[in-house]
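In what follows, a structure is listed as structure tokens, so that the remarks can point back to it.
6 protein chains.
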Amino acid sequence: MTEERAGTGVKGLDEMLGGGFVPGSMILVRGAPGTGKTCLALQYLIHGASKQNEPGLLISFEEFPSSLYRDAKSLGWDLAKLEAEGKLHMLFTSPEVFLTGLESPESQLNQLILTGGIRRLALDSVSHFDRLTSLEAELRPVYTGVTNGLRREGVTAMLLGEEGPSEYRRAFKGGLSFLVDAVVVLRHVEIESTMQRAVVVLKMRGSSHAKEIRRFEIGPKGLAVTDTFRGREGLLSGMPHRAPG
Amino acid sequence: MTEERAGTGVKGLDEMLGGGFVPGSMILVRGAPGTGKTCLALQYLIHGASKQNEPGLLISFEEFPSSLYRDAKSLGWDLAKLEAEGKLHMLFTSPEVFLTGLESPESQLNQLILTGGIRRLALDSVSHFDRLTSLEAELRPVYTGVTNGLRREGVTAMLLGEEGPSEYRRAFKGGLSFLVDAVVVLRHVEIESTMQRAVVVLKMRGSSHAKEIRRFEIGPKGLAVTDTFRGREGLLSGMPHRAPG
Amino acid sequence: MTEERAGTGVKGLDEMLGGGFVPGSMILVRGAPGTGKTCLALQYLIHGASKQNEPGLLISFEEFPSSLYRDAKSLGWDLAKLEAEGKLHMLFTSPEVFLTGLESPESQLNQLILTGGIRRLALDSVSHFDRLTSLEAELRPVYTGVTNGLRREGVTAMLLGEEGPSEYRRAFKGGLSFLVDAVVVLRHVEIESTMQRAVVVLKMRGSSHAKEIRRFEIGPKGLAVTDTFRGREGLLSGMPHRAPG
Amino acid sequence: MTEERAGTGVKGLDEMLGGGFVPGSMILVRGAPGTGKTCLALQYLIHGASKQNEPGLLISFEEFPSSLYRDAKSLGWDLAKLEAEGKLHMLFTSPEVFLTGLESPESQLNQLILTGGIRRLALDSVSHFDRLTSLEAELRPVYTGVTNGLRREGVTAMLLGEEGPSEYRRAFKGGLSFLVDAVVVLRHVEIESTMQRAVVVLKMRGSSHAKEIRRFEIGPKGLAVTDTFRGREGLLSGMPHRAPG
Amino acid sequence: MTEERAGTGVKGLDEMLGGGFVPGSMILVRGAPGTGKTCLALQYLIHGASKQNEPGLLISFEEFPSSLYRDAKSLGWDLAKLEAEGKLHMLFTSPEVFLTGLESPESQLNQLILTGGIRRLALDSVSHFDRLTSLEAELRPVYTGVTNGLRREGVTAMLLGEEGPSEYRRAFKGGLSFLVDAVVVLRHVEIESTMQRAVVVLKMRGSSHAKEIRRFEIGPKGLAVTDTFRGREGLLSGMPHRAPG
Amino acid sequence: MTEERAGTGVKGLDEMLGGGFVPGSMILVRGAPGTGKTCLALQYLIHGASKQNEPGLLISFEEFPSSLYRDAKSLGWDLAKLEAEGKLHMLFTSPEVFLTGLESPESQLNQLILTGGIRRLALDSVSHFDRLTSLEAELRPVYTGVTNGLRREGVTAMLLGEEGPSEYRRAFKGGLSFLVDAVVVLRHVEIESTMQRAVVVLKMRGSSHAKEIRRFEIGPKGLAVTDTFRGREGLLSGMPHRAPG
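Residue numbers (the working numbering), protein chains in the order written: chain P, 1 to 245; chain F, 246 to 490; chain G, 491 to 735; chain H, 736 to 980; chain D, 981 to 1225; chain Y, 1226 to 1470.
Listed below in structure tokens is the structure:
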């Protein structure tokens, strides 16, 4: 018997993931500004809370709470209602406090995870840990601490990672991509004088997954993952173009 | 009922923005020299002041006041008249003074925003904050301070950001693009031995927006956003070319 | 009479290798996250243990043991059974302890190799040694120490090396590729809006080997190396495209 | 009534500029070695001196006076004659002396501008200021000092800036392009196994201007700006090629 | 009368070299891992020792002697036999000891060259000198010392240089390519989903040489240099592709 | 009446130069290893000495005298004879001694120039001055010192500059290209699986010059500059290819 997967509720994406993320796994979602990382994290938490009975926790290091509520609302979600029902929790903190809390059983973070029965967690964004040290070599242990700490909590954690417009071709700082169980990349793709969003699952330990690069759409009705970019090459290289012939 | 959007008065652009910017949002306008950032900021303030009854404030760290008046005049705008009517305010200051003022209720900046009933603000340019520190990691808190400070003021703020000719493909310094609610990119695009201007909305929190890359024109009659670059690829990559076939 | 080669059990790959790796050789397997390095290492050890009577040792600097068991299980392998039979050993340690142990006959590492009759070894990953020094010039002697130490042990060692998405075009840190006997590169290759895996053998001292770039697949039935990418150019350059004409 | 523009006397270029440069503006002319920056500066000064009754001043930080006279002569210009008539002045100085002089009313520089009735100025080259500091952040204030100082003098100033063969795609050091009113780029363009010169006006505050990339020719009869590069793409990217189809 | 050239015994390559290397010259052989540098060096020494009566010396800074014997054997060469006959000598040493020895007549190195009548020398690899200093400017004198020292010995020396997969486009460290008399580049070239080896002679002082980029093959029967890459462009740029039309 | 030009004796090149270099000018010849810089310098000196009655001086910072004689001989030139006739002089020295000598009337350098009636000079190579300082900003004054010193000597000087395979696209160190009167670039160009040599004159103060990129050939009969690369694009970009259509 296989464990139930942690679905996102986005049909196309869950199909790509073989039903959803593997429970207890660490998922890195990388993307440039505007590619929809925060929307995907909200969707992931809301779906768990409302459809899979998995209470969620959103940890934000920077965003204004009010912005989040407004963003969610524009997609048809009522965060306040889920919070009132105890299905969704928000924690606005700093990277330093988060790291300390992860180590201490009595911390607000751990109490919240324990009493709230948190099963899903989203961290917006792991890139803030980059600023704790200027030495690349010191960053890896920080990331190891984060992922090991979260694994001990038993949550299925989505870690949002900030990228520049073409940084997919560079190694992610501190080798985080090697530490996590799954890597989802969101990209802006220029097609016929239009910026479209693409999603691809680059890595998924312990599971098979779809390899397609698919369209990722965010509209007033929420998120959708649809078809592939038929007849296009170079989507992830930053130079998409129509294939010859 | 939705809030009224903060329009720019440029018909094509307002359509792309779903009517205009979301009130209270932070908008980053990135562009190389000559792509029209200052013109767009002036247009945004003038439209608010004269058509939506939203008094505006332009904060400049470098430009000569006389240059601004002349530039505006060449586009058919009379800044002095709007100033005399109390609809437009100019503040020529330094990044350091601005940051200090943002924190202090008695500062000239805050008094001006309060007494002038300022609703729209343009900052030319945020790139000057880059020079306050040589450490990338120290820049993010500066930008967080700026955007949080402006959010507290309740203004809809357009932050102009300086880029080199092909820097769109690099992450914007200090991760500012992740902090703001909207990102508008202006670009020079070489088409048939001519440099044209392009505009694209890369990010817009809490709203849907058009994804097209459209022509952005500045002429004696003002600004216009028109059609897409049909049949072209690689517009944002810095290597635009005619698509094969 | 030639020595028996250390096969991987992946038919297509063993064909490329002229039967398998040369016994006693040092093999660098380079790849980006999600290209299948750990899967290949497990496959290599399991095949040796179960089909060629070569006990194996997996040394991991970071991964959770439980993750490894789960990953193996998803590919149809039962690591625990092999461990119980004494055919497979796991060592979770740090780069520093590993390096010290390699030098000392009484170390846990050496005792394990000796008493376990270890013939195959996999190290996940050599990139952790990069973090022991910030000077490129000091890294080479570290790598020389690792490869010479392992050569003295007489094992056939697979060293996993972490790369970013397009780092194949850069020299591997510390010149490790020059020190080892064989270099196998795993790559993500974008073909028709899909990310496929490719494998190529770039170097193999003391043996001829196939030069093709072939598809590398990981599925519920395990690993497979199949056909070449007919009609494609630029596979390793990071810009694969259909060849004209 | 509009002010008379500061023409260059090169018909094709003056057309692109809407008649000439805006009086009192700061113009950056960027180009690689051999693209004709100094020739354009001489042409600009000579035309002002001889045709628009605007005495000119050439400030050079490095070139031998004799080289300048010879270069001018090869283009059919007699600098000595214009100097004798008091229409053209030459100042061979250092960046440090220039900066100090700009601040002091009694300096040789200011006396020369005052008594000579200087209306046009050319500075060869602003890149020498780069060498005054090794910190990018300290360079901007230097450039601000130069442009503000020259604005106070009331001259229309052409600032020559040194670039490498493909540096157009990088931001100009110290953000000078953002400080000036106009940016003219000169480029070498490889067309059919020949290096041709191209000129483009990237920025012009307070005026409309042509956007074409045109041929820029230097011959024994002087300078000429002619047609566009019809059917070519990628002219400014450094990889010009014939457009398909 | 011309001196006899120092042939490699690889027919296709000797033709390219006008018969072989110029006696007494310094030859840099650059290549990425797996391109066949060590094989070419062995071939060069063996041919000299067995066919041109030129005793050879291989100096290795890193490789295990046993690996070398095995590699040679796989290509059908018996190094031990040549050593027993006094035609081939091996010296496993460090860069520091080598440099000191080069200066001192009594050193093991010089005694070996003198008593062994060494005419050909191969150094594997010169890249180890890079690690003696972190300052590029200090590296040139080191290389000058190496090449001048070897010139004084009167040997024809092949210096192997390590490159990354695409480093041909970068200057070789310390400007070594400018110091030597000949430069031979070995490259991996991707053709139709296969990695092939290519060889090109970029420089050869005092002699004409073929300019073709040819296939370089290593098989059980040894080395071969065959035909050119007809109909291909961009071989050395790292992006080989079929030429259009 | 125009001064006689300093020809190179290479017919195709002298045509490109309008007869030869302008007397008294500073000429930078840039090129990668093996592009023929030293050959061109020898040809330039020999032609002046034997055909235009202009005694020449070759200053070398590194090359062995014997190598130079051999190289010249392979091209059919007898340097020793010209030396014996007092038409050609060789000076093997260091950058430091050269710089000091340039400033002092009694130096060996100045005495040689004076008593030898030197009219042409070649310096192999100016890149050695790069090593005198690690600060880019300190390099410019060194180069200014060299060019101004040589201008005072009244010689027509060819300065050889070392480049990597694709460094044409980078600015030459210390801005030397801006200081000199002429820039000649030698390049390796890959055409149909063959490395050919190309020459282009990028800059020539005080003279018109051909803009073509032409073939540059070095054979047993000496140097030749022939036709252009008809139907090819991207020659100087490092990615030459057949133009479409």
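Glycine residues also receive a C-beta, built at the ideal position from the N, C-alpha and C atoms. Since the model is a prediction, treat every value here as computed from it, not as a measurement.
What's the C-alpha gap between residue i and residue j?
i, j, result
"Leu290 (chain F)", "Pro465 (chain F)", "18 angstroms"
"Phe324 (chain F)", "Ala367 (chain F)", "The question names Phe, but residue 324 (chain F) is Leu in the sequence shown. Distance between the alpha carbons of Leu324 (chain F) and Ala367 (chain F): 14 angstroms."
"Ser1173 (chain D)", "Leu725 (chain G)", "7 angstroms"
"Thr498 (chain G)", "Asn600 (chain G)", "24 angstroms"
"Gly1144 (chain D)", "Ala1012 (chain D)", "5 angstroms"
"Val1179 (chain D)", "Gly1202 (chain D)", "15 angstroms"
"Ile948 (chain H)", "Arg805 (chain H)", "30 angstroms"
"Lys1067 (chain D)", "Ile1039 (chain D)", "14 angstroms"
"Glu628 (chain G)", "Ala1274 (chain Y)", "53 angstroms"
"Asp717 (chain G)", "Lys541 (chain G)", "25 angstroms"
"Leu1293 (chain Y)", "Arg695 (chain G)", "40 angstroms"
"Leu849 (chain H)", "His824 (chain H)", "12 angstroms"
"Gly1342 (chain Y)", "Glu1279 (chain Y)", "8 angstroms"
"Leu518 (chain G)", "Val616 (chain G)", "9 angstroms"
"Met751 (chain H)", "Arg855 (chain H)", "19 angstroms"
"Ser379 (chain F)", "Gly998 (chain D)", "56 angstroms"
"His976 (chain H)", "Glu1213 (chain D)", "16 angstroms"
Check the DSSP bridge columns for residue i and list the partner residues they point to.
i, result
"Ser60 (chain P)", "P:Phe92, P:Asp124"
"Val1450 (chain Y)", "Y:Phe1441"
"Ala1413 (chain Y)", "One point to set straight first is that residue 1413 (chain Y) is His, not Ala, in the sequence displayed. BP columns for His1413 (chain Y) point to Y:Arg1422."
For a cutoff of 9 angstroms on Cβ pairs, would you count residue i as touching chain F?
i, result
"Val861 (chain H)", "no"
"Ile948 (chain H)", "yes"
"Leu914 (chain H)", "yes"
"Phe864 (chain H)", "no"
"His47 (chain P)", "no"
Could you name the residues of chain F that residue i contacts, counting a contact when the two beta carbons are closer than 8 angstroms?
i, result
"Ala978 (chain H)", "Glu437, His486, Arg487"
For chain P, is any of its Cβ atoms less than 9 angstroms away from the one on residue i?
i, result
"Met580 (chain G)", "no"
"Val444 (chain F)", "no"
Does any residue of chain H bring its CB to less than 9 angstroms from the CB of residue i?
i, result
"Thr1369 (chain Y)", "yes"
What does residue i reach in chain D if we use C-beta pairs closer than 8 angstroms?
i, result
"Lys693 (chain G)", "Pro1013, Gly1014"
Given that residue i touches chain F, what residues does it touch there, using C-beta distances under 9 angstroms?
i, result
"Gln196 (chain P)", "Lys456"
"Glu162 (chain P)", "Ala416, Gly420, Ser422, Phe423"
Mind checking if residue i is an interface residue toward chain G, Cβ cutoff 9 angstroms exclusive?
i, result
"Arg5 (chain P)", "no"
"Gly56 (chain P)", "no"
Residues of chain P with CB under 8 angstroms from residue i, in chain order?
i, result
"Arg396 (chain F)", "Phe64"
I want to verify the contact list: residues of chain Y whose CB lies under 8 angstroms from the CB of residue i, in sequence order.
i, result
"Ser1187 (chain D)", "Ser1299"
Mind pulling the chain H residues with CB within less than 8 angstroms of residue i?
i, result
"Ser379 (chain F)", "Leu870, Ala872"
Show which residues of chain D have a CB atom less than 7 angstroms away from the CB atom of residue i.
i, result
"Glu630 (chain G)", "A small correction: the amino acid at residue 630 (chain G) is Arg; Glu does not occupy that position in the sequence shown. Under the 7 angstroms cutoff, chain D gives Arg1111."
Please tell me whether residue i has its Cβ less than 9 angstroms away from any Cβ of chain A.
i, result
"Ile848 (chain H)", "Absent from the structure is chain A; the protein chains it does hold are P, F, G, H, D and Y."
Is the shortest distance between the beta-carbon of residue i and the beta-carbons of chain D less than 9 angstroms?
i, result
"Gly1399 (chain Y)", "no"
Is the Cβ of residue i closer than 9 angstroms to any Cβ of chain Y?
i, result
"Val1163 (chain D)", "yes"
Next on the checklist: Closer than 7 angstroms between beta carbons: that is the criterion. Which residues of the stretch 468-482 of chain F meet it against chain P?
Outcome noted: Thr473, Phe474, Arg475, Arg477, Glu478, Gly479, Leu480, Leu481, Ser482
Next on the checklist: What are the residues in the stretch 252-282 of chain F lying within 7 angstroms of chain H by C-beta distance?
Outcome noted: Pro278, Gly279
Item to check | Under 7 angstroms (Cβ pairs) to chain F, residues found in the stretch 58-83 of chain P | outcome: Along the stretch 58-83 of chain P, going in chain order, the ones with a CB nearer than 7 angstroms to a CB of chain F are Glu62, Phe64, Ser67, Arg70, Asp71, Ser74.
Checklist entry - Relative to chain G, which residues along the stretch 95-120 of chain P have a C-beta separation below 8 angstroms, given in chain order? => result Answer in chain order: no residues at all.
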